[in-house]
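**Student:**
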Amino acid sequence: MNTNFPDIPASPKTTFSARPVTLRINGNPVELNVLPWVSLLDALREYAGLTGTKKGCDHGQCGACTVLCDGERILSCLTLAVMKEGSEITTIEGVAQDGELHPLQKAFIEHDAFQCGYCTPGQICSAIGLLREGKAETRDEVKELMSGNLCRCGANTNIIDAIMDVKNLSAHE
1 MNTNFPDIPA
11 SPKTTFSARP
21 VTLRINGNPV
31 ELNVLPWVSL
41 LDALREYAGL
51 TGTKKGCDHG
61 QCGACTVLCD
71 GERILSCLTL
81 AVMKEGSEIT
91 TIEGVAQDGE
101 LHPLQKAFIE
111 HDAFQCGYCT
121 PGQICSAIGL
131 LREGKAETRD
141 EVKELMSGNL
151 CRCGANTNII
161 DAIMDVKNLS
171 AHE
């Protein structure tokens, strides 16, 4: 009995155990044993050893943790790993194909679209998702739809330049 609140019975002790979660990460099937409250971000970094996805605010406000889940951009810090059972997850480590950088990775280099680089993995994953969505037609629309990914260094103009370059290249193909 809790002595501070005599009318409220003490809650029974609850124990939780890890549960297996199967994900397809960067094209490879991976089974992780995670506790039910482990975020996808922590599962990727701590359980799968993929540290390219960054933990920024851990509250869904900065976009540093953005990954692609079944082709769509998500904030991995706000997503429980167990919720994504069977999903295809693409992290920055899986963006390049056959040793060839993704066009957005090349454009980020060409446009010097990073300074410290901490936000870059989330920016690139978000930009890939953005381009797949096909919603952004103008520079202002790209800027708005990328506003959930913060760059504290001030490389935002160069980031938008890089995205627009890739957008314009793919429009001409």
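In terms of UniProt numbering, the sequence shown has 138 at position 138, counting the first letter as 1, and numbering is strictly consecutive. Here a beta-carbon is modelled for each residue, glycine too, at the ideal position from N, C-alpha and C. Since we're looking at a predicted model, the values are computed, not measured.
Would a C-beta distance cut-off of 8 angstroms place C65 and T53 closer than the cut-off?
**Tutor:** The answer is yes: Cβ separation under 8 angstroms.
**Student:** Once the 5 residues before and after P103 are set aside, which same chain residues still bring their CB inside 6 angstroms of it?
**Tutor:** Taken in chain order, the residues that qualify are V166.
**Student:** Under 7 angstroms: does the beta carbon of L131 sit that close to some heavy atom of the ligand MN?
**Tutor:** With respect to small molecules bound, the structure shown includes none, and the ligand MN cannot be examined in it.
**Student:** So, does the CB of R19 fall closer than 8 angstroms to a CB anywhere in chain B?
**Tutor:** Here there is only one protein chain, and chain B is not present.
**Student:** Check E137 in the structure and name its three-state DSSP category.
**Tutor:** Note: E137 maps to coil in three-state DSSP.
**Student:** Three or more C-beta pairs under 8 angstroms: does that hold for the stretch 74 to 94 against the stretch 33 to 41?
**Tutor:** Enough Cβ pairs lie closer than 8 angstroms, so yes.
**Student:** State the Cα-Cα distance for the pair V34 and R19, rounded to the nearest angstrom.
**Tutor:** Cα to Cα, V34 sits roughly 5 angstroms from R19.
**Student:** Who are the near neighbours of R132 in its chain, counting only those whose CB is closer than 7 angstroms to its CB and skipping five residues on each side?
**Tutor:** Only G71 meet the Cβ criterion.
**Student:** Taking L23 as part of the beta strand (DSSP E), name the residues at either end of that continuous run.
**Tutor:** Residues 19 to 25.
**Student:** Would you call the CB atoms of C125 and V67 closer than 8 angstroms?
**Tutor:** Their beta carbons are under 8 angstroms apart, which means C125 touches V67 by this criterion.
**Student:** For R45, does the three-state DSSP call read helix, strand or coil?
**Tutor:** Three-state result, R45: helix.
**Student:** Tell me whether the stretch 83 to 96 and the stretch 133 to 141 touch, counting them as touching only if at least three CB pairs, one residue from each stretch, are closer than 8 angstroms.
**Tutor:** Flag = no, the stretch 83 to 96 and the stretch 133 to 141 do not touch.
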